[in-house]
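Take a look at the structure below.
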């Protein structure tokens with residue numbers, strides 16, 4: 004058994020990368036490996052948007068992140084500064100900045116890079132997508 | 050990222066390869082394109098005890114640059130040294 008941190012720097016649907024990250028996470032937990040956390044950075048933060056509406060016959064990656072997180076107790080972490088400049092903000096930050104809307108799903112946490120450092124310190128391997 | 054990792058006790062090495070070397074150019078007037086003078090923050094690396102800063106000599110050469118064009122002191126490496134140096138690190142991120 005190994006422990007992994009996943010670093011997702013790719014937007015959903017723009018390329019295969021974010022989907023590959025999800026498939027990797029799924030394969031890892033099926034083989035009883037431990038995913039310590041999934042950290043979304045740069046364009047990867049767009050994975051946290053709750054406002055993604057998928058066609059019913061297409062794979063809903065956002066929902067898949069939420070399900071695997073809940074099923075295997077995997078934290079979904081979004082870099083707050085990378086996310087905010089891309090319009091991915093949680094309810095608290097939206098309120099603080101007098102924004103009418105927020106977009107980050109409740110299942111994702113807004114955190115700093117220090118949280119990635121802590122994940123790395125507790126993981127055997129980092130895999131970037 | 051490097052500063053944050055170092056701040057949390059990670060032993061960080063930085064590698065600048067291919068177009069990545071352009072980030073280190075001393076003469077940048079980033080305000081003319083409405084950007085922050087990001088290159089000036091490289092000076093903070095040594096303050097954060099990040100001393101392993103490697104730059105690919107070949108990448109500099111291909112872009113008409115030398116070490117004297119760069120904003121900080123770096124260690125120049127040849128492409129064939131790269132994989133051995135990266136292998137010394139437990140975890141690798143690519144940007």
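Protein chains in written order, with our numbering: chain A, 4 to 132; chain B, 50 to 144. Where a beta carbon is used, it is the ideal one built from N, C-alpha and C, also for glycine. It should be emphasised that the depicted structure is a prediction, and the values quoted were computed from it without experimental measurement.
Annotation for residue 126(A): 6, 7, 8 and 39 place their beta carbon closer than 7 Å to its own, counting only its chain and skipping 5 residues before and after. One thing to note: residue 82(A) has its Cβ within 9 Å of the Cβ of residue 43(A). Here residue 24(A) is buried: its Cβ has 16 or more other Cβ atoms, across all protein chains shown, within 10 Å.
Not a single C-beta of chain A is nearer than 9 Å to the C-beta of residue 72(B). Residue ranges of uninterrupted alpha helix (DSSP H) with 4 or more members, entirely inside the stretch 89 to 125 of chain B and ordered along the chain, are 106 to 111. Apart from the 5 residues on each side of it in sequence, residue 64(B) sits with its Cβ closer than 6 Å to the Cβ of 103 in its chain, given in chain order. Per DSSP, the unbroken beta strand (DSSP E) holding residue 64(B) starts and ends at 62 to 65.
Excluding residues up to 5 positions away in sequence, 8, 39, 40 and 42 lie with their Cβ nearer than 7 Å to the Cβ of residue 122(A) in the same chain. Only 50, 53, 54, 56, 57, 58 and 59 from the stretch 50 to 61 of chain B bring a Cβ to less than 8 Å from some Cβ of chain A. Taking one beta carbon from each stretch, the stretch 115 to 130 of chain B and the stretch 98 to 107 of chain A have fewer than 3 pairs nearer than 8 Å; the two do not touch. For residue 92(A), the secondary structure class from DSSP, reduced to helix, strand or coil, is coil. Distance from the Cα of residue 70(B) is smallest, within the candidate group 99(B), 80(B), 120(B) and 57(B), for 120(B).
Contact of residue 131(A) with chain B by beta-carbon distance below 7 Å involves 142 and 143. Along the stretch 111 to 124 of chain A, going in chain order, the ones with a CB nearer than 8 Å to a CB of chain B are 115, 116, 117, 119, 120, 121, 123 and 124. Assignment of residue 117(A) by DSSP, reduced to helix, strand and coil, places it in the helix class. Of all alpha-carbon atoms in 31(A), 21(A), 32(A) and 61(A), the one lying nearest the alpha-carbon of residue 48(A) is that of 21(A). Between the stretch 84 to 100 of chain B and the stretch 127 to 143 of chain B, the count of C-beta pairs closer than 8 Å stays below three; the two stretches do not touch. For residue 66(A), the closest of 109(A), 129(A), 99(A) and 88(A) by C-alpha to C-alpha distance is 109(A).
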